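Participant: Letter by letter, the sequence shown follows residues 1 to 206 of our numbering. Yeah, the Cβ is synthetic: ideal placement off N, Cα and C, and Gly gets one too. These numbers come from a predicted model, not from an experiment. Sending over a structure as structure tokens; questions will come in a sec.
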Amino acid sequence: MKRKIDPKESRREEAYHLWMKSPMPMVTLTKTFDITRIYRLSKRKDLKFNMLLCWCIGKAAGEMEEFYTHPIQGELYQFDRLAISVIVNNKNGGISSCDIPFSKDLKQFNSDYCRMTKEVAVECKNIDDMESAVIGTSAVVATELDSIVNQYTEMFCNPMVMWGKYRKSLFKVALPISFQFHHVQMDGGHAAHFFERLQQTMNKVG
């Protein structure tokens, strides 16, 4: 569920007044992560790597208050749950989006991920969750990328986590990940803290 809140009720009141009307309120941070553990886990347990990374993103974000507050069309909204949005290649050769409810239970999230992305691929229709705080993801895996900076539109102010193809060496698998967020939602320090939590989550999963 979501509810509109007065910025004065939020720790982001000052940021709201500073950045809500900014022509470019988005900030992007990029860091290279050690994804060796989740890469090996995906191979060992026959799990989709993208699913595992999305679960780690949700797990890390779910522990931070900032991810539950979103600026939407000039207003501030509070949510009580998260969803992870993934881009799906559909049967018509295009792409569709799918908002998957986040669950701390990896088995449940995997089940929802596989079922919902398959449905979207076949039916070529987006699944949107307007009642959850959505974290967007985009995997551009055709090539290795150092960073991704997404377009900004007032229609989509939710945070975005983006990556390209992972990089394998003899003993390690690495992946640069970009994180774009609205400055009303959080500051750079919060984003850096999210990155630290994300790496810790990937180190412990499984």
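Should R44 be labelled buried (16 or more other beta-carbon atoms within 10 Å of its own) or exposed?
Facilitator: Exposed.
Participant: By DSSP's criteria, W55 is part of a beta bridge. Which residues make up the other side?
Facilitator: Per DSSP, none; premise fails for W55.
Participant: Given a threshold of 16 other Cβ atoms within 10 Å of its Cβ, counted over all protein chains shown, does G18 qualify as buried or as exposed?
Facilitator: Note that residue 18 corresponds to Leu in the displayed sequence, not to Gly. The residue in question, L18, is exposed, as its Cβ has fewer than 16 Cβ neighbours within 10 Å.
Participant: When you compare the stretch 97 to 113 with the stretch 47 to 57, are there three or more beta-carbon pairs, one atom per stretch, that lie closer than 8 Å?
Facilitator: Yes, the stretch 97 to 113 is in contact with the stretch 47 to 57.
Participant: Relative to the alpha-carbon of I100, which residue among H193, Q199 and V86 has its alpha-carbon at the smallest distance?
Facilitator: That would be V86, whose Cα lies nearest to the Cα of I100.
Participant: Where R37 and V205 are concerned, what is the direct C-alpha to C-alpha distance, given to the nearest angstrom?
Facilitator: Going by the C-alpha atoms only, they are around 8 Å apart.
Participant: Is V134 near Y16, with beta carbons less than 9 Å apart?
Facilitator: Cβ atoms of V134 and Y16: not closer than 9 Å.
Participant: Report yes if the C-beta distance between D129 and A83 is below 9 Å; otherwise report no.
Facilitator: Yes.
Participant: Specify the secondary structure class of C98 as computed by DSSP and reduced to three states.
Facilitator: Residue state, collapsed to three classes: strand.
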